[in-house]
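Asks: Protein chains in written order, with my numbering: chain G, 1 to 97; chain U, 1001 to 1469.
Below is the structure I would like to discuss, written out as structure tokens.
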């Protein structure tokens, strides 16, 4: 990929990341952190790619370990976030802002 | 699948993540936001099986299916078998440390991916690729070992107080210097041994970095490590040529950084002070530790009488309430008082529990009506008109030392000003100080009454005593 394209993607994503969470009530800090935590579990995609590319048993072993860890991160993260948010169901005091 | 279609689907997943973070920022849309994120992640994971990413060396991509497909699916199954039950079964009280642990394994996964990338790099790798790979190994390892320490602190497998040892700051500085030095070595001379040395040093640095952080500040560190892991994912995306990973990782890195700052603000802490406070602060003598001082302890009947003649009562729940699983009993007490015409509110500190918003989750689980939960800014001005403040298993969040004792670890943290109420009742297991390890002067105040014992058992006795009146 073009280096300039990558820098553009990176910078724009930084600003989007800043903007979307800049006004969040402290009640939601924990679920938001947990949700963001689950999102970086997509490193699973990277782990699968390197497992496909692995040529030696060492590489394959490390990749598979990465897949296990990334799956725990991603799936566990979304499930636990959902459990937290389930508690809020129907008991919100209107829009917080 | 063509590479264009693959990239488009990756882009769609990236958009899902943006919508997820946006949704998670508002109470009404939070749950839907999380589901959108999960959907995006699932789609991204599925399409990676339908498209073979060309190897870095420029050779032709092999045809489908992926190599090692059986192994890959098996590893995913193992991850599911571990991750899903852990997330489903965890007690809500222990949820913060589970989040820390999930973040740690994510960092570990990123580091492992980078190590494999590194072994695959070969001599034609560009300097930028090597640098990004090394960055991922270092930060992923720091995030992994640091998160494990935060997990141990929250699980109370180790002391929750800042761990400082003589010369600690020099050890940390030296480790950091060694990490940077070895990074340079790895970039200059590609080799497996330097990389393993680097990984070991980074793991060590992660441990040393988190050890001096006090228990109350741990959530801020978790959030910071979460942002770190995001950045490692972005760096992996660069090396693996995956736009999706770059977008997702950068989003988490950026939003995680902002979130870390918001959390630090909510707790009245400076980020710098949290991370480096332990280096500058002298080890604190815990005020009057071990010294016996008189306290006024009461019986459940005394408490019930006090409550019976109150017009306004504020309940201040803390982590001790959750540990004792007393959420339902406290709601019973509140309902009983309401039926006697007493005005009842819950005063919720932003960081009550172990993380911002944790207490709201715990009380919501016990079906406490949302409109009875008052945030700190709402409830603080009302303590002057409050007859009784009941502090249940909380300590640091009502400790006046945060206002009066410069230099103590929680100084500057906004607190619930229960000392303005006419009477204060503390339900405590013992005189043990709170999570931050600081003595609370309010316990010795003449208007304070202490009710010792397990919060649930004590509350049950108060409820029956109050019913009898």
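Ideal Cβ positions, reconstructed from N, Cα and C, are used throughout, including at glycine.
These numbers come from a predicted model, not from an experiment.
Nearest chain G C-beta to residue 1102(U) closer than 8 Å, yes or no?
Replies: By this cut-off, residue 1102(U) is an interface position.
Asks: By alpha-carbon positions, which one of 1326(U), 1357(U), 1337(U), 1335(U) ends up nearest to residue 1457(U)?
Replies: That would be 1326(U), whose Cα lies nearest to the Cα of residue 1457(U).
Asks: What does a CB cutoff of less than 7 Å around residue 1246(U) pick up in its chain, not counting 5 residues either side in sequence?
Replies: Contacts found: 1234, 1237, 1238.
Asks: Going by other Cβ atoms of all chains shown within 10 Å of its Cβ, with 16 needed for buried, is residue 37(G) buried or exposed?
Replies: The residue in question, residue 37(G), is buried, as its Cβ has 16 or more Cβ neighbours within 10 Å.
Asks: Can you list the residues of chain U that residue 57(G) reaches, using a CB-CB cut of under 7 Å?
Replies: Per Cβ cutoff of 7 Å: no residues; residue 57(G) is ~11 Å from chain U at best.
Asks: Can you pull the chain A residues whose beta carbon is under 8 Å from the beta carbon of residue 86(G), in chain order?
Replies: The structure shown contains no chain A; the protein chains it does contain are G and U.
Asks: Using 8 Å for Cβ pairs, my map puts residue 1044(U) next to residue 1336(U). What's the rounded Cβ distance?
Replies: Not really, about 51 Å apart at Cβ, beyond 8 Å.
Asks: Measure how close the beta-carbons of residue 67(G) and residue 47(G) come, nearest whole angstrom, since I'm counting them as under 8 Å.
Replies: About 4 Å separates the two Cβ atoms, so the contact holds.
Asks: Based on the DSSP output, what are the partners of residue 1343(U) in its beta bridges?
Replies: Paired residue(s): 1312(U).
Asks: Using a Cβ-Cβ cut-off of 8 Å, state whether residue 1121(U) counts as contacting chain G.
Replies: No, residue 1121(U) lies away from the interface with chain G (no Cβ there is under 8 Å from its Cβ).
Asks: Whole angstroms are fine: how far does the CA of residue 1163(U) sit from the CA of residue 1115(U)?
Replies: If I take the Cα positions, the gap works out to 31 Å.
Asks: Write down the C-beta distance between residue 1137(U) and residue 1199(U) rounded to the nearest angstrom, noting that I regard them as a contact closer than 8 Å.
Replies: Confirmed, Cβ separation roughly 6 Å.
Asks: Whose Cβ in chain U lies nearer than 8 Å to the Cβ of residue 7(G)?
Replies: Going along chain U, no residue has its Cβ under 8 Å from residue 7(G), so there is no contact; the nearest lies around 10 Å.
Asks: Starting from residue 1463(U) and walking both ways along the beta strand (DSSP E), at which residues does that stretch end?
Replies: Segment 1455-1468 is the alpha helix (DSSP H) holding residue 1463(U); no beta strand (DSSP E) there.
Asks: Are the C-beta atoms of residue 1022(U) and some chain G residue less than 8 Å apart?
Replies: Closer than 8 Å: yes.
Asks: Note down the Cα distance separating residue 1001(U) from residue 1049(U), rounded to an integer number of angstroms.
Replies: Near 10 Å, if we compare the C-alpha coordinates of residue 1049(U) and residue 1001(U).
Asks: Assign residue 1374(U) to one of three DSSP states: helix, strand, or coil.
Replies: Strand, per DSSP.
Asks: So with CB distances below 8 Å, who are the chain G contacts of residue 1195(U)?
Replies: Per Cβ cutoff of 8 Å: no residues; residue 1195(U) is ~12 Å from chain G at best.
Asks: Using a beta-carbon distance below 8 Å, is residue 1003(U) in contact with chain G?
Replies: Residue 1003(U) does not count as touching chain G.
Asks: Could you spell out where the alpha helix (DSSP H) holding residue 1359(U) opens and where it closes?
Replies: From DSSP, the alpha helix (DSSP H) with residue 1359(U) extends over 1358-1365.
Asks: Along chain G, which residues have their Cβ under 8 Å away from the Cβ of residue 1245(U)?
Replies: Per Cβ cutoff of 8 Å: 42, 43, 45, 46.
Asks: Suppose the cutoff is 8 Å on Cβ atoms and the five residues either side in sequence are ignored; what does the same chain contact list for residue 1062(U) look like?
Replies: The residues are 1052.
Asks: What alpha helix (DSSP H) runs, 4 residues minimum, are completely inside the region 1018-1067 of chain U?
Replies: As far as the region 1018-1067 of chain U is concerned, its whole alpha helix (DSSP H) runs of at least 4 residues are 1030-1047.
Asks: Any C-beta of chain U within less than 8 Å: which residues of the region 3-32 of chain G qualify?
Replies: Within the region 3-32 of chain G, the residues whose Cβ lies closer than 8 Å to some Cβ of chain U are 3, 6, 9, 10, 13, 14, 15, 16, 17, 18, 20, 21, 22, 23, 24, 25, 26, 27, 28, 29, 30, 31, 32, listed in chain order.
Asks: Note down, in chain order, each residue of its chain lying with its Cβ closer than 6 Å to the Cβ of residue 1097(U), except the 5 sequence neighbours on either side.
Replies: Closer than 6 Å at the Cβ level, and outside the excluded window around residue 1097(U), lie 1151, 1154, 1155.
Asks: What are the residues in the region 1142-1171 of chain U lying within 7 Å of chain G by C-beta distance?
Replies: Of all residues in the region 1142-1171 of chain U, none has a Cβ within less than 7 Å of some Cβ in chain G.
Asks: In or out: residue 1070(U) buried (at least 16 other Cβ within 10 Å) or exposed?
Replies: Result: exposed.
Asks: Are the beta-carbon atoms belonging to residue 1209(U) and residue 1140(U) less than 8 Å from one another?
Replies: No.
Asks: Residues in its own chain within less than 6 Å of residue 1267(U) by CB, not counting five upstream and five downstream?
Replies: Around residue 1267(U): 1351, 1413.
Asks: Determine the DSSP secondary structure at residue 1272(U), reduced to helix, strand or coil.
Replies: Residue 1272(U) falls in the helix class under three-state DSSP.
Asks: Any chance the region 1247-1266 of chain U sits against the region 1298-1310 of chain U, with 3 or more Cβ pairs inside 8 Å?
Replies: No, the region 1247-1266 of chain U is not in contact with the region 1298-1310 of chain U.
Asks: Can you tell me whether residue 1324(U) is buried or exposed, with buried defined as 16 or more other CB within 10 angstroms of its CB?
Replies: It is buried - the Cβ of residue 1324(U) has at least 16 other Cβ atoms within 10 Å.
Asks: Counting along the chain, where does the beta strand (DSSP E) carrying residue 1401(U) start and finish?
Replies: Per DSSP, residue 1401(U) belongs to no beta strand (DSSP E); it is in the alpha helix (DSSP H), 1401-1404.
Asks: Quick one: what does DSSP say residue 1145(U) is sitting in, helix, strand or coil?
Replies: Residue 1145(U) falls in the helix class under three-state DSSP.
Asks: Between residue 1249(U) and residue 1232(U), is the Cβ-Cβ spacing less than 8 Å?
Replies: Going by C-beta atoms, residue 1249(U) is nearer than 8 Å to residue 1232(U).
Asks: Give the DSSP-derived three-state secondary structure of residue 1424(U) in the structure shown.
Replies: Three-state DSSP puts residue 1424(U) in a strand.
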